[in-house]
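As structure tokens, the structure follows; a few thoughts come after it.
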Amino acid sequence: MQFGVFTVGEHHNPPFVPSSPTTMLGWIAARTERLLLSTSTTLITTNDPVKIAEDYAMLQHLADGRVDLMMGRGNTGPVYPWFGQDIRNGIPLAIENYDLLHRLWREDAVDWKGRFRTPLQSFTSTPRPLDGVPPFVWHGSIRSPEVAEQAAYYGDGFFANHIFWPKEHTQRMVGLYRQRFAHYGHGSAEQAIVGLGGQVFVRKNSQDAVREFRPYFDNAPVYGHGPSLEDFSRQTPLTVGSPQQVIDRTLGFREYVGDYQRQLFLIDHAGLPLKTVLEQLDILGEEVIPVLRKEFDSLRPAHVPEAPTHAALVAALTTDFAQLLGGRED
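Under the UniProt record's numbering, think of the first position of the sequence shown as 1, with each following residue one higher.
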């Protein structure tokens, strides 16, 4: 199968797993060689930034750089008091905690004082990022423009949830991020690093896909007992059909968000049994992903970058350092 990236979320309530993404990703790293490992949410609001800095730097070393991560606030309100926080501080926590995390990965000795945690004095997080390059960061959001602004400010990636909302909403969120990315001088709007979510259920033909998925859809906790499967599929990116239908629908996303760098699929939602999920992986990996990768690569203009890898970030750092040395006067 030709998957390029595998992500896990972070949840602290049943029936979800895992509660410790780095533990699970470290286990996967030991059993893979090329697969990029990431998170579909690392809770920047309820995790301590020092712990995030150290855990993901360690994972970088274990996975030989095959790591990036997505910051988010999650979708479970009770997680805030479980970790001693107030949900009303969600956005301020996300802003302050990431400011500290960003510095911890880039400064060897950090002096810091904020609102939500104890101050730091000459603190060095360990281990240091692999090759002196922090993991690339995406900021994930369902509906918060503040998150798009934050991603643009730092020149990080922005990941639009893009699962349960209409395309017009995603278009507005991505458009805001692109505009602000250019405003902060990180490149043109077209060069901003964008990722999208999506949900699919695929079978060899569309009739089988619809017939099999409908009972799960009708009883799913998020959209069950609401709009019909047909209405929801028209209103959101949910695609239930054949491999070609999934390919065509997914390629159409760029018509309203522009060229983008990462496409993730939610495939184990709505209570699907493990056997069905594994069958979905087989079909996607063999018949859908290779075609999408080829088509997206051919459509992407030369000035639009791919998603940054560790190797690319190291090369950029080396180039910047060489240019700095070249500009010095003896």
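C-beta: ideal position from N, C-alpha, C; glycine also.
- According to the DSSP assignment, F181 belongs to no beta strand (DSSP E) but to the alpha helix (DSSP H) extending over K167 to H183.
- A straight-line Cα-Cα distance of about 12 Å links V133 and P127.
- For secondary structure counted as the alpha helix (DSSP H) over 4 or more consecutive residues, the region 33 to 120 holds these complete runs in sequence order: 49 to 62, 79 to 82 and 90 to 106.
- Here DSSP, grouped into helix, strand and coil, assigns R262 to strand.
- Secondary structure at G241: strand, using DSSP grouped into helix, strand and coil.
- Judged by DSSP in its simplified three-state form, V17 adopts coil rather than helix or strand.
- DSSP lists S141 and L196 as the beta-bridge partner residues of A160.
- Annotation for V277: the continuous alpha helix (DSSP H) segment containing it runs L274 to I283.
- Non-local beta-carbon contacts of A220 in its own chain, meaning distances under 6 Å to residues more than five positions away in sequence, involve A270 in chain order.
- By the beta-carbon neighbour count (other beta carbons within 10 angstroms, threshold 16), G4 is exposed.
- Residue nearest to V304 within the set I247, Q121, R178 and R66 is R178 (criterion: CA-CA distance).
- The alpha carbon of Q2 has as its nearest neighbour, out of A312, D282 and T319, the alpha carbon of D282.
- Just so you know, the alpha carbons of P18 and V8 end up roughly 7 Å apart.
- The C-alpha of L272 is placed about 38 Å away from the C-alpha of P129.
- F3: not part of any beta strand (DSSP E); DSSP gives it neither H nor E.
- A straight line joining the alpha-carbon of D231 with that of E107 spans about 51 Å.
- In the DSSP assignment, I289 falls within the unbroken alpha helix (DSSP H) covering I289 to L299.
- Beta-bridge partners of V314 (DSSP): none assigned.
- Closest option to G74, judged by alpha-carbon separation, among H186, D64, T41 and P14: T41.
- In this structure, P145 keeps its C-beta atom at 8 Å or more from the C-beta atom of Q60.
- Rounded to whole angstroms, the gap between the alpha carbons of I163 and I267 is 11 Å.
- Within the same chain, and ignoring the five residues on either side of Q199 in sequence, the residues whose Cβ sits closer than 6 Å to its Cβ are I163, L238 and L266.
- Note on R211: under 16 other CB atoms within 10 angstroms of its CB, so exposed under the neighbour-count rule.
- Taking each of Y80, A311, G258 and V50 in turn and checking the Cα distance to R172, the smallest one comes out for G258.
- Looking from the CA of R103, the closest CA among S125, L292 and A189 belongs to S125.
- Residue range S206 to N219 is occupied by the alpha helix (DSSP H) that includes Y216.
- If the five residues before and after A189 are omitted, its C-beta is found closer than 7 Å to the C-beta atoms of R178, Q179, F181 and A182, all from its own chain and listed in chain order.
- A straight-line Cα-Cα distance of about 30 Å links D111 and I193.
- Ranking H12, L284, L313 and L25 by CA distance to the CA of V246 puts L284 first.
- Scanning its chain for C-beta atoms nearer than 6 Å, with the 5 sequence neighbours on each side dropped, one finds around V79 the residues H12 and T46, in chain order.
- Excluding sequence positions up to five before and after D68, its CB lies within less than 6 Å of the CB of S38, P135 and F136, all in the same chain and listed in chain order.
- The alpha-carbon of L264 is positioned some 39 Å away from that of S122.
- Here the C-alpha atom of E306 lies approximately 21 Å from the C-alpha atom of E149.
- For the set P243, A160, G187 and E33, the Cα lying nearest the Cα of V174 is the one of A160.
- In this structure, S141 is the residue among G155, S141, Y184 and G77 with its C-alpha nearest to the C-alpha of H169.
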